[in-house]
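Structure, as structure tokens:
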Amino acid sequence: MELKTQLKKYRTRNEWTQKDLAEKVNVSDKTISSWETGRTYPDIAMLIQLSELFDLTLDEFMKGDAKMIKKMDVDLKLKKVYKYGLIILLVLLVSGGIFLNVYQYKNQWVDRFNPFIEMKIGYATLPTAVTYNGGKEYDESSEAPQYPDPYKDIWVLDDPFGESHKLTFSGGQAPEGKNYALVQHKGSYVRRMSFVSWESIPGMYRDIMNQEYVKIP
Numbered sequence: 001m002e003l004k005t006q007l008k009k010y011r012t013r014n015e016w017t018q019k020d021l022a023e024k025v026n027v028s029d030k031t032i033s034s035w036e037t038g039r040t041y042p043d044i045a046m047l048i049q050l051s052e053l054f055d056l057t058l059d060e061f062m063k064g065d066a067k068m069i070k071k072m073d074v075d076l077k078l079k080k081v082y083k084y085g086l087i088i089l090l091v092l093l094v095s096g097g098i099f100l101n102v103y104q105y106k107n108q109w110v111d112r113f114n115p116f117i118e119m120k121i122g123y124a125t126l127p128t129a130v131t132y133n134g135g136k137e138y139d140e141s142s143e144a145p146q147y148p149d150p151y152k153d154i155w156v157l158d159d160p161f162g163e164s165h166k167l168t169f170s171g172g173q174a175p176e177g178k179n180y181a182l183v184q185h186k187g188s189y190v191r192r193m194s195f196v197s198w199e200s201i202p203g204m205y206r207d208i209m210n211q212e213y214v215k216i217p
């Protein structure tokens, strides 16, 4: 016997109207009508409540309604999937948050998209000459392309109180008299840099910067 028939049978046996039953299980009478016509089904919690109200076991109440039993089985499986999926998602979010908070200034691609790192602007003293093509000096007689090597392990002063970070970035040969850099960076990711003169650097920064480049280990 289908659930809709069972529901109507035991409701009328108790001489309850649809409104009476609706009030007992805290739903609208339209919901009861929808259940009794088979348009919708109660969820598992409501089925248990109804079976207790009719003084029946859940098995007796649903006996013969294969469609409803199948639907309940699918619903229970989906709830388990959602439950474990939510747990996995929360674990991944927490783990990701911890990772992004701890793993900073170690990889420019991670830092670039890390929401926990703020964009900073700092100043740096650069070497007056750069090497080309992997450590070679510039050869004016060479006809082969010569590409400047990146500035490696340059200390960038982020504020006048001394906070600094060792960064690597590209920029090419500095113009004469402008072997200083204004660097915008997010962690180890350098977004942009521009060459500046010593005089253009704010005095509070110059007070703790080296005017001549010194390689600091």
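Each residue of the sequence shown is one higher than the last, beginning at 1 in the UniProt record's numbering. C-beta atoms are modelled at their ideal positions from N, C-alpha and C, and glycine is treated no differently.
Relative to the alpha-carbon of residue i, which residue among the options has its alpha-carbon at the smallest distance?
| i | options | result |
| --- | --- | --- |
| PRO175 | SER34, THR128 and LEU3 | THR128 |
| TYR105 | PHE113, GLU36, SER188 and TYR138 | SER188 |
| MET62 | ILE201, ILE208, GLU2 and GLN211 | GLU2 |
| SER33 | ASN114, PRO160 and LYS19 | LYS19 |
| ILE201 | THR131, PHE169, ARG191 and ILE121 | ILE121 |
| THR168 | LEU93, MET193, THR40 and PRO115 | MET193 |
| LEU182 | ASP149, TYR123, ASP158 and HIS165 | TYR123 |
How many angstroms separate the CA atom of residue i from the CA atom of residue j?
| i | j | result |
| --- | --- | --- |
| PHE195 | LYS186 | 19 angstroms |
| THR125 | GLU143 | 31 angstroms |
| LEU7 | LYS77 | 25 angstroms |
| GLU52 | LEU58 | 8 angstroms |
| GLY172 | LYS152 | 12 angstroms |
| GLY162 | TYR205 | 8 angstroms |
| ASP29 | ALA22 | 5 angstroms |
Taking all protein chains shown into account, do 16 or more other C-beta atoms lie within 10 angstroms of the C-beta of residue i, making it buried, or fewer, making it exposed?
| i | result |
| --- | --- |
| MET119 | exposed |
| TRP109 | exposed |
| ALA45 | exposed |
| TYR10 | buried |
| PRO145 | exposed |
| LEU90 | exposed |
| ASN179 | buried |
Let me check you understand the geometry: is the CB of residue i closer than 7 angstroms to at least one non-hydrogen atom of the ligand SAM?
| i | result |
| --- | --- |
| ASP55 | With respect to the ligand SAM, the structure offers nothing, as it holds no ligand at all. |
Just list the residues that DSSP pairs residue i with in beta bridges.
| i | result |
| --- | --- |
| VAL156 | HIS165 |
| MET209 | According to DSSP, MET209 bridges with nothing at all. |
Between residue i and residue j, how many whole angstroms is the CB-CB distance? I'm expecting something under 8 angstroms.
| i | j | result |
| --- | --- | --- |
| TYR138 | TYR132 | 5 angstroms |
| THR37 | LYS4 | 7 angstroms |
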